[in-house]
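Step one of this worksheet: look at the structure below.
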Amino acid sequence: IKAAVTPSRPEARARCDTTTPRRRKTWREQEHDLQAAAKAMPRRKSARLSGSDGKTNAQKHNDSDSDSDSEPTRHVAVTKLALWELSQTDVRRDSGSQLCRKGMCRRLKVGQRFPGIVLTPNGKAVISPADAELVIRHGLCVVNCSWARLEDVPFAKLKSGGDRLLPFLVAANPTKYGQPFTLSSAEALAAGLVIVGRDDDAREVMSCFRWGDSFWQLNDEMLRVYAACKDGAEVVKAQEAFMNDIKAERAERERRKGDIADGAMIDRDLLPPSDSETESDEGDEGDGLSTSALVQQLEQTSL
316 IKAAVTPSRP
326 EARARCDTTT
336 PRRRKTWREQ
346 EHDLQAAAKA
356 MPRRKSARLS
366 GSDGKTNAQK
376 HNDSDSDSDS
386 EPTRHVAVTK
396 LALWELSQTD
406 VRRDSGSQLC
416 RKGMCRRLKV
426 GQRFPGIVLT
436 PNGKAVISPA
446 DAELVIRHGL
456 CVVNCSWARL
466 EDVPFAKLKS
476 GGDRLLPFLV
486 AANPTKYGQP
496 FTLSSAEALA
506 AGLVIVGRDD
516 DAREVMSCFR
526 WGDSFWQLND
536 EMLRVYAACK
546 DGAEVVKAQE
556 AFMNDIKAER
566 AERERRKGDI
576 ADGAMIDRDL
586 LPPSDSETES
596 DEGDEGDGLS
606 TSALVQQLEQ
616 TSL
């Protein structure tokens with residue numbers, strides 16, 4: 316009975332030989348099978364990527380940032396700012412070097428061309444809102460030098476897309492506080508940005524200095540008038556109007572008081588107090604001009 320039920324060994328071996336041998340799949344076939352299995356699997360929403368409201372974690376993070384007012388957003392200056400460093404001032408203290416250390420301004424070598432607008436004492440035209448397109452496209456630059464050593468500046472080697480002068484403004488830095496036409500590099504950049512309509516960038520520049528608010532107190536009204544002009548001719552007319560008002564006010568105070576210093580164009584006692592009269596954050600950015608020389612320069616100025 317056992318022999319009839321259990322096949323003999325040669326017979327079982329014959330059955331195994333008749334079956335088709337199993338072939339190993341290639342890596343391409345295995346990859347195809349994995350892709351087919353992935354497509355066949357139902358898609359599930361990941362709790363890590365999205366919640367029950369259908370918003371991703373990034374969207375929720377943005378919503379929470381917009382709702383919270385505890386951390387104000389800081390504006391990032393987008394206008395390209397640069398300066399030619401002439402090494403005539405103390406780079407540890409002057410305003411232009413401070414902007415470079417904060418990453419808001421880049422240094423240029425003498426002979427390197429700047430395609431944008433450059434604010435320089437050697438300019439022939441005054442900056443105006445008509446220069447806004449060139450400033451937005453290529454940026455704004457200054458010459459970081461000492462006012463007392465202008466004759467040593469190689470202006471012929473400083474090539475730019477256009478040299479411009481600043482209109483009548485008053486310095487607010489601790490070194491030249493209250494003196495007209497002797498702005499620091501940071502003040503010049505901020506003034507130029509406001510005139511061409513880049514107010515946010517100008518505020519960001521002056522926020523780097525403790526005396527930055529004093530600059531706006533002294534020049535905010537004049538800058539708003541300059542920024543409302545159409546071209547350089549209107550800026551010059553607005554400048555002459557401000558200078559005539561100062562002359563008239565000075566003459567009136569001399570008639571009333573009679574004790575104004577001889578030749579003083581601006582009475583420093585009438586200016587707002589500086590935020591840092593005792594500190595010297597600017598270094599030696601020029602010795603400026605004497606009071607009588609300022610009056611003479613004001614009477615002979617014609618842009």
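Take this note's numbering: the final residue in the sequence shown is number 618, and no numbers are missing along the way.
Just so you know, even glycine gets a beta-carbon here, dropped at the ideal spot from N, CA and C.
The model shown is predicted, which means the values in this text are computed figures rather than measured ones.
Exercise. Classify E502 as buried or exposed, calling it buried when 16 or more other Cβ atoms lie within 10 Å of its own Cβ.
Key: Classification for E502: buried.
Practice problem: Within 10 angstroms of the Cβ of T490, are there 16 or more other Cβ atoms? Answer buried if so, exposed if not. | Solution: By the beta-carbon neighbour count (other beta carbons within 10 angstroms, threshold 16), T490 is buried.
Quiz item: Since L399 is in the beta strand (DSSP E), which residue starts that stretch and which ends it?
Solution: Leu is not the amino acid found at residue 399; the sequence shown has Trp there. Per DSSP, W399 is one residue of the beta strand (DSSP E) stretching across L396 to E400.
Practice problem: Mind checking which residues open and close the beta strand (DSSP E) that includes D546? | Solution: No beta strand (DSSP E) holds D546; DSSP gives it neither H nor E.
Quiz item: Start and end of the beta strand (DSSP E) containing G477?
Solution: First-last of the beta strand (DSSP E) with G477: S475 to L480.
Self-check item: Residues near E540 in its chain [Cβ-Cβ closer than 6 Å; skip 5 each side]
Solution: The sequence shown places Val at residue 540, rather than the Glu named in the question. The residues are A553.
Quiz prompt | Inter-residue Cα distance where the pair is Q413 and E346 | solution = The straight-line gap from Cα to Cα measures roughly 59 Å.
Quiz item: P444 to F524, Cα distance in whole Å?
Solution: Computed Cα separation, rounded: 26 Å.
Quiz item: What are the complete beta strand (DSSP E) segments, minimum 3 residues, inside the stretch 393 to 478?
Solution: The qualifying runs are 396 to 400, 421 to 423, 429 to 434 and 455 to 459.
Quiz prompt | F530 beta carbon less than 8 Å from that of M537 | solution = Inclusion of M537 and F530 in the CB contact set at 8 Å is not warranted, their separation being larger than that value.
Exercise. Might you give, ordered along the chain, the residues of its own chain that have their beta carbon closer than 6 Å to the beta carbon of L473, omitting 5 neighbours on each side?
Key: Same-chain partners within the cutoff: W399.
Quiz item: Okay, do the stretch 444 to 463 and the stretch 424 to 435 touch, 3+ Cβ pairs below 8 Å being the bar?
Solution: Remark: three or more beta-carbon pairs, one from each stretch, lie closer than 8 Å, so the stretch 444 to 463 and the stretch 424 to 435 are flagged as touching.
Exercise. Express the C-alpha separation of G512 and K545 in angstroms, rounding to a whole number.
Key: Each residue's Cα considered, the two are about 12 Å apart.
Self-check item: Any alpha helix (DSSP H) of 4 or more consecutive residues that is wholly inside the stretch 483 to 531
Solution: Listed in chain order, they are 500 to 510 and 514 to 521.
Quiz item: For A471 versus F429, is the C-beta distance shorter than 8 Å?
Solution: No, Cβ-Cβ distance for A471 and F429 is not below 8 Å.
Quiz item: Taking all protein chains shown into account, do 16 or more other C-beta atoms lie within 10 angstroms of the C-beta of L291, making it buried, or fewer, making it exposed?
Solution: Residue 291 lies beyond the range of the chain shown here (316 to 618); nothing can be said about it.
Self-check item: For P650, the nearest candidate out of V551, W526 and K439 (CA to CA)
Solution: An answer regarding residue 650 cannot be provided, because it is not within the stretch 316 to 618 covered by the chain.
Self-check item: W403 classed as buried or exposed, judged by whether at least 16 other C-beta atoms fall within 10 angstroms
Solution: A small fix is needed here, since residue 403 is Gln in this sequence, not Trp. Buried is the call here.
Quiz item: Helix, strand or coil for K572 per DSSP?
Solution: Residue state, collapsed to three classes: coil.
Quiz item: Just to confirm, are N534 and A517 a CB contact at a threshold of 8 Å?
Solution: Cβ atoms of N534 and A517: not closer than 8 Å.
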